[in-house]
């Protein structure tokens with residue numbers, strides 16, 4: 138595998154972890170405004 142392919146895979150894995158964390162925060166958020174903020178972050182991550 139080339140260095141660029143490895144970098145792309147690492148980037149995708151990092152992005153996936155970030156979105157997973159945001160979903161966990163969204164699911165535990167009680168306030169609709171907090172959920173809306175997190176939803177925007179999820180959609181733009």
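Residue numbers (this note's numbering): 138 to 182. Ideal Cβ positions, reconstructed from N, Cα and C, are used throughout, including at glycine. As the structure is a prediction and not an experimental result, all values here were calculated from the model.
With contacts defined by Cβ atoms closer than 8 Å, residue 146 and residue 159 do not form a contacting pair. Close CB contacts of residue 175 within its chain, under the 7 Å cut and outside five residues either way in sequence, are with 159, 162, 163 and 166 (chain order). Taking a contact as a CB-CB distance under 8 Å, the pair residue 182 and residue 144 does not count as one, their CB atoms being some 18 Å apart.
Rounded to whole angstroms, the separation of the alpha carbons of residue 150 and residue 138 is 16 Å.
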